[in-house]
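Chains as they are written, first to last, in our numbering: chain A, 93 to 721; chain B, 17 to 474. Take a look at the structure below.
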């Protein structure tokens, strides 16, 4: 029997990293919000790697924070080790990564959710999305209760029709043995939504007491840590950190894998989903890179209150007996006791080409989706989409302008644009190389790029906004001062320069010019610059980067201008590409499939040539003129 | 819209008496002032009235390139509604190209295919109702340009470009893989290797630019294909024309199984001559490949030389060939006249309207007639080389230069000890630029290369 239970503005399905951000955003924007999860114990669960951030993913977390999301604050509360990667490279690729206490991370996020006004948590499986005239009207649970609503945000992660596989063993379950959601896929297919089947995997967890760490290299966290959240100061969150450990596979490991490769479900055909190339299983790595003598294996703690250790670099779906033998062939793991087996997981997800840039389905109004369900992978990618889906569902209900970040504004923009524009045939992972304007999209300036937007949306409070304006002003003022302060070739200046291994001046020059020298920076020039005011560290960082890399930054900004012009040329929703006879057939098909919102987006679709874009421009001009008449 | 200034050769066929180079955009007038000299006194064309024509010279620095007539048309009453300058010069490949090169030195870029029309449309010069037609022009011209870009590139040169591109892509992929997965992939010491690659690639690009300028890169002659049944004397014809023994000539039918290509000059006309395998029904797989290729080549040819052995009667293979070349420009050579003809001119005339010449390659007779006929066809205009060829070459040069510029910037970044992530930016620009020549988009090349070449973590 079904019956109406309660009305809500927004229903969020799934309480993983996407669902949590989506629900928090909606509730904080004063919408009456309910979040469903198949298990209250799996809120913000980290079923795979025990860390948040990393290359380009760290950028996403900082962007989420700059917009008023939760992930950054939550990892700052619950981290057990923090590290800035790529410090020897340029500032654009510095990436923050923190090891998390998984249990604390989940608990802490659950407490935030439970204590957020306007937000209801409910343990139940949603089996049906209710629609009328291609518009969402509500959802129905397994027990038959109906929750009418204005918008649904679907964040089912890897739970839809999930099955976990190793060797010839198949569990019909979600990650970590949690209940999967078996009925929703049929409903989605009935709604005309195209589904994909993807695959991912996780390594075994091993009991810390069975590991010989003396055979491994210790991997400590940074002494000077950087918080993920712009609202935190380093000194406020400093704590004793826990180490990770590095070891390597051996020829024996590879031999064991090669000997048993025919028992891998990938070879026996038990796995049908598409896996990701960037996170290959160990058997993949050994087969595909046969000439590599060894692979790195990082042993990472799962948390403070458990002995489980995550064996990073050795995810596998080989049978249990092979797993034991294989792990024990690694130095330090000779006596390893497995707590949880490694497994591959297959799940249903959507073809994201069906989404608008707002993450609303093109064909069903009020139906938003985010996270791994959209064909991405990773906690951070999920959270970023969850936040944007939450913001846009809210803006839609509130009758305000929706927010689409473009590729020049944020990694989040790159992520969503790639998802909806490229033919993603594998789980999508963020990478810095996907961001063509990455010099501008640094993790250090996420607040300067996005906090104003968060404020405009309503997720950033007045204090934080005012602090940002002040920061902006200080940066600008200091850069101007450095550009206009001229230093003469005085004796003491020359001495200081020589001491800094820099060449003496031949003529007078500005402080900014000195900062641009590869061997110098803002900080070391203190003695030449006595008039300098005491400035906060984050301001100094911006001043230094902006001056040092000015040439490159200016060039990228020029490219962005060109890019924006194309993005601003909008394509009407209802354009029928079949009517444009000079478009090549392939272009017509692709444009009809992806339905780009702008000329810029159209130009990024594979199979649409520059000539097609010219044709489209000419056609649009005629079209717009006709519309005006 | 792009408001920069563009130029292109507006007349297609360079063997015509006059060529026109058209310039459109803001800098059109200031540019012509810099490269135009009048005969008597210094006059500035930019100050002259619109829609006037002026006699004078085009000069590059001090050197006079050609005697020209220049038409000045000021916005908005022009084809594109922008300032337009048209330089009328004395046809001829070399001169036309030199003038275009001189123009392109003046902060003017080469027009994209169909761009004048596109501008005319976007500036409201062409009626909106003609949008469809404009779309067609743009599309058609782009397709031709792309096809020509590849077709006119010699196979060896194309390989060179692909090789350079591949090295660049691999370098980017390595840098990016190391940035993405710093704990698994170390980039230490890579700068040295990169500098080596840059040196090699810059040299190669400079070589390509030079040979493009010399016209060596493109096949700019009349594409002439020799076809016929096996052992009719096709290879002998090529040898005679080239005056060297390039093709293997034997008495065994079916010796030329692949194709051979040579460039020869008849006075001012360049012929790209391709010898093909003899066409006949065959069961030999390798021979069949040659036959198929011959058929395909004959369909792309500007001119076909069909060699017949007149000492054997016509058969169904001849009928097949005749129908194959029916719609093409072709000359029929009735060879081996020394052996006593079994085929008469009248027999052929019933089946074909192409001109016929009687030859004996062994006795060197009839070849003078052949040369005369080709020249006649060319100068009467019934035989033309592909019109976009010079434009294609300019486009290639531009792409090479841009790529070289980008690689030099990478070198600067390395020398200035910039962090490695800065290298990718300009490496990628160079990669994309070279892709334009091959008509290839960037797409997922990089991501694919990263994953196929480097073992990423997790």
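Using N, Cα and C, we set each Cβ at its ideal position, and we do this for glycine too. Note that the structure is predicted; figures quoted are calculated from it, not measured.
Contact defined as beta carbons within less than 8 Å: I believe residue i pairs with residue j. What is the distance between those atoms, to the nearest angstrom?
| i | j | result |
| --- | --- | --- |
| residue 71 (chain A) | residue 311 (chain A) | With chain A running from 93 to 721 in the structure shown, residue 71 (chain A) is simply not present. |
| residue 247 (chain A) | residue 111 (chain A) | 4 Å |
| residue 288 (chain A) | residue 441 (chain A) | 5 Å |
| residue 241 (chain B) | residue 353 (chain B) | Residue 241 (chain B) to residue 353 (chain B), Cβ: 22 Å. No contact. |
| residue 349 (chain B) | residue 375 (chain B) | 5 Å |
Between residue i and chain A, is any beta-carbon pair separated by less than 8 Å?
| i | result |
| --- | --- |
| residue 200 (chain B) | yes |
| residue 154 (chain B) | yes |
| residue 206 (chain B) | no |
| residue 462 (chain B) | yes |
| residue 183 (chain B) | no |
| residue 467 (chain B) | yes |
Determine the DSSP secondary structure at residue i, reduced to helix, strand or coil.
| i | result |
| --- | --- |
| residue 299 (chain A) | strand |
| residue 17 (chain B) | For residue 17 (chain B), the predicted structure reports a pLDDT of 39, less than 50, and the residue's modelled location is therefore unreliable. The matter cannot be settled from this model. |
| residue 95 (chain B) | coil |
| residue 141 (chain B) | coil |
| residue 348 (chain B) | strand |
| residue 203 (chain A) | helix |
| residue 648 (chain A) | helix |
| residue 421 (chain B) | helix |
| residue 672 (chain A) | coil |
| residue 371 (chain A) | coil |
| residue 216 (chain B) | helix |
| residue 317 (chain B) | coil |
| residue 131 (chain B) | helix |
| residue 429 (chain A) | coil |
| residue 706 (chain A) | helix |
| residue 330 (chain A) | coil |
| residue 238 (chain A) | strand |
| residue 227 (chain B) | helix |
| residue 279 (chain A) | helix |
| residue 339 (chain A) | strand |
| residue 102 (chain A) | strand |
Output the distance between the C-alpha atoms of residue i and residue j, rounded to the nearest integer angstrom.
| i | j | result |
| --- | --- | --- |
| residue 527 (chain A) | residue 298 (chain A) | 36 Å |
| residue 707 (chain A) | residue 673 (chain A) | 10 Å |
| residue 227 (chain A) | residue 221 (chain A) | 10 Å |
| residue 134 (chain A) | residue 252 (chain A) | 15 Å |
| residue 278 (chain A) | residue 137 (chain A) | 26 Å |
| residue 472 (chain B) | residue 301 (chain B) | 45 Å |
| residue 170 (chain A) | residue 395 (chain A) | 9 Å |
| residue 124 (chain A) | residue 293 (chain A) | 36 Å |
| residue 114 (chain A) | residue 548 (chain A) | 17 Å |
Tell me, please, whether the CB atom of residue i is closer than 8 Å to any CB atom in chain B?
| i | result |
| --- | --- |
| residue 318 (chain A) | no |
| residue 672 (chain A) | yes |
| residue 185 (chain A) | yes |
| residue 415 (chain A) | no |
| residue 652 (chain A) | no |
| residue 467 (chain A) | no |
| residue 370 (chain A) | yes |
| residue 401 (chain A) | no |
| residue 685 (chain A) | no |
| residue 524 (chain A) | yes |
Which residues of chain B have a Cβ atom closer than 8 Å to the Cβ of residue i, listed in chain order?
| i | result |
| --- | --- |
| residue 381 (chain A) | 471 |
| residue 147 (chain A) | 195, 196, 197, 198 |
Just the chain A side, please: which residues come within less than 7 Å of residue i by C-beta, in chain order?
| i | result |
| --- | --- |
| residue 432 (chain B) | 610 |
| residue 218 (chain B) | In chain order: nothing, as chain A lies at least about 20 Å away. |
| residue 435 (chain B) | 181, 182 |
I want to verify the contact list: residues of chain B whose CB lies under 7 Å from the CB of residue i, in sequence order.
| i | result |
| --- | --- |
| residue 177 (chain A) | 198 |
At a CB-CB cut-off below 9 Å, which residues of chain A make contact with residue i?
| i | result |
| --- | --- |
| residue 45 (chain B) | By Cβ distance, chain A contributes nothing, its closest Cβ being about 26 Å from residue 45 (chain B), past 9 Å. |
Can you pull the chain A residues whose beta carbon is under 8 Å from the beta carbon of residue i, in chain order?
| i | result |
| --- | --- |
| residue 138 (chain B) | 709, 710, 713 |
Can you list the residues of chain B that residue i reaches, using a CB-CB cut of under 9 Å?
| i | result |
| --- | --- |
| residue 150 (chain A) | Result: empty, since nearest Cβ-Cβ is about 12 Å, beyond 9 Å. |
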